[in-house]
Structures are given as C-alpha cells and as structure tokens.
C-alpha cells in the first residue's frame, strides 16, 4: 500500500466548558471558531483544498472510547477500506465499523498506548 496517512485531519480533546474554551481561543488567538471548533484550510501538493479540524468536546464525551485519554487525533488517509484490512493483518486493533458520510469515510484504531486514532478518507469539497 503506497500511501497510508496523508495529513493531519484533526485534533479533538475533552474540555470542561467547550464553549468557553472556543471563545478563549477566538478572543486570544484569533481562531475562527464555530459550534464544532475551528477548521483550518490548506492545499495539498496537487493544489487540492484540504482541511484540518480543531475541536474541544465535552469532558463526558464517549466518542474517544475505548481509549481513556482526553484527546483523539484524526489522520487523513487514502483508501480507508484497504488500509484497515492491511492494519488488521498487521495486528493493529480496529475499533468499530466504518462509517460513511457526505464528507468522507471514518474508521478507528488503537495505538500501542491505547490512544484512539480516527482515520478519515475525506471528501473536502463537501465543506466548500
């Protein structure tokens, strides 16, 4: 498999008060925040529009389970279905089933330290 991770798709973390922390980052660091956090737009080497998401989430979120960590990284990938099959064969723990939305496909794995990693095969044009 040629390409696996192609970029950082997002960083998600638990917060005691997500709305307050979004306002703080907006006021003090100039992040253009919305209900989800902040989307950073950039171009890949071929000039395609790409995005990376920064999102504080409620400290009680169950989205990071089975990880007990207060954060989750999201990586942009090519061909999620094939990648998850390769990772399974390599002995990587796959969590749940692939979910598909208009903005891409998602799958999840655990690294050796129990960090849940979200793998995203993006459809960036869905956000434009």
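Residue numbers (this note's numbering): 2 to 129.
Backbone N, C-alpha and C fix where the C-beta goes; we use that ideal spot for every residue, glycine too.
Between residue 17 and the rest of its own chain, which residues show a CB-CB distance below 7 Å, the 5 nearest in sequence each way excluded? As a first step, residue 17 is located in the chain shown; it is residue number 16 there, counting from the start. Annotation for residue 17: 60 place their beta carbon closer than 7 Å to its own, counting only its chain and skipping 5 residues before and after.
Within its chain, find whatever has a CB closer than 8 Å to the CB of residue 11; leave out the 5 residues flanking it on each side and keep chain order. Stepping through the chain shown from its first residue, residue 11 is reached at position 10. These residues qualify, in order along the chain: 53, 54, 55, 56, 74, 75, 119 and 121.
What residue range is occupied by the uninterrupted beta strand (DSSP E) comprising residue 85? Walking along the chain shown from the start, residue 85 turns up at place 84. For residue 85, there is no enclosing beta strand (DSSP E); the residue is part of the alpha helix (DSSP H) that begins and ends at 81-90.
Buried or exposed for residue 30, please, with buried defined as at least 16 other CB atoms from any protein chain shown within 10 angstroms of its CB. Here residue 30 corresponds to residue number 29 of the chain shown, with the count starting at 1. Per the 10 Å Cβ criterion, exposed.
Nearest-angstrom Cα separation, counted from residue 116 out to residue 100: As a working mapping, residue 100 is identified with position 99 in the chain shown. As a working mapping, residue 116 is identified with position 115 in the chain shown. Cα to Cα, residue 100 sits roughly 19 Å from residue 116.
Quick check: the Cα distance between residue 106 and residue 21, rounded to an integer number of angstroms? Walking along the chain shown from the start, residue 106 turns up at place 105. Walking along the chain shown from the start, residue 21 turns up at place 20. Annotation: residue 106 to residue 21 spans about 30 Å, alpha carbon to alpha carbon.
Nearest to residue 66 by alpha carbon, out of 97, 39, 79 and 85? Taking the chain shown and counting its residues from 1, the one referred to as residue 66 is at position 65. For residue 66, the nearest C-alpha among the options comes from 97.
Distance between residue 39 and residue 33 (C-alpha atoms, nearest Å): Locating residue 33 in the chain shown gives position 32, counting from the first residue. Locating residue 39 in the chain shown gives position 38, counting from the first residue. If you take the alpha carbons of residue 33 and residue 39, they lie about 6 Å apart.
Straight-line Cα distance separating residue 23 from residue 35: Position 34 of the chain shown, counted from the first residue, corresponds to residue 35. Position 22 of the chain shown, counted from the first residue, corresponds to residue 23. The C-alpha of residue 23 is placed about 8 Å away from the C-alpha of residue 35.
Can you check which of these residues, 109, 95, 103 and 113, is closest to residue 124 by C-alpha distance? Mapped onto the chain shown, residue 124 falls at position 123. Out of 109, 95, 103 and 113, 103 has the C-alpha closest to the C-alpha of residue 124.
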